[in-house]
Amino acid sequence: MNERVTLLLLDHLFPEWAIVRDGEGVWRATRRILISASDLDGLLESLAVVDPDATRRAVSLLAESR
0 MNERVTLLLL DHLFPEWAIV RDGEGVWRAT RRILISASDL DGLLESLAVV DPDATRRAVS
60 LLAESR
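Residue numbering for the sequence shown is 0 to 65, as defined by numbering that gives the first Met the number 0.
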């Protein structure tokens with residue numbers, strides 16, 4: 000999946016978070032706190048810890064699309 004599609008999907012799944020990938024390739028999610036990770040998997044793991052409700056909602060949305 001290319002980066003634009005990934006960002007669109009993340010915006011849909013985590014609407015409360017501003018998620019970007021900066022010029023150095025670092026993934027960042029901002030809400031009341033800033034999360035940063037060197038890869039997408041790390042960002043998603045961190046989101047699951049700090050916002051489990053959003054993660055459950057994202058998983059539910061993905062399950063509905065199957």
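We put the beta carbon where it would ideally sit given N, CA and C, even for glycine.
Since this is a predicted model, take the numbers as computed values, not measurements.
DSSP, reduced to helix, strand and coil, places R3 within a helical segment of the structure shown. The C-beta separation of S35 from V48 comes to about 14 Å, leaving the pair out of contact by the 8 Å criterion.
In the assembly as shown, A57 is a buried residue. Its beta-carbon has 16 or more other beta-carbons within 10 Å.
Non-local beta-carbon contacts of E2 in its own chain, meaning distances under 7 Å to residues more than five positions away in sequence, involve R20 in chain order. Between the alpha carbons of R30 and A62 lies a distance of about 25 Å. Here the C-alpha atom of L43 lies approximately 18 Å from the C-alpha atom of E23. About 10 Å separates the CB atoms of L60 and A53; that is not less than 8 Å, and the two are not in contact.
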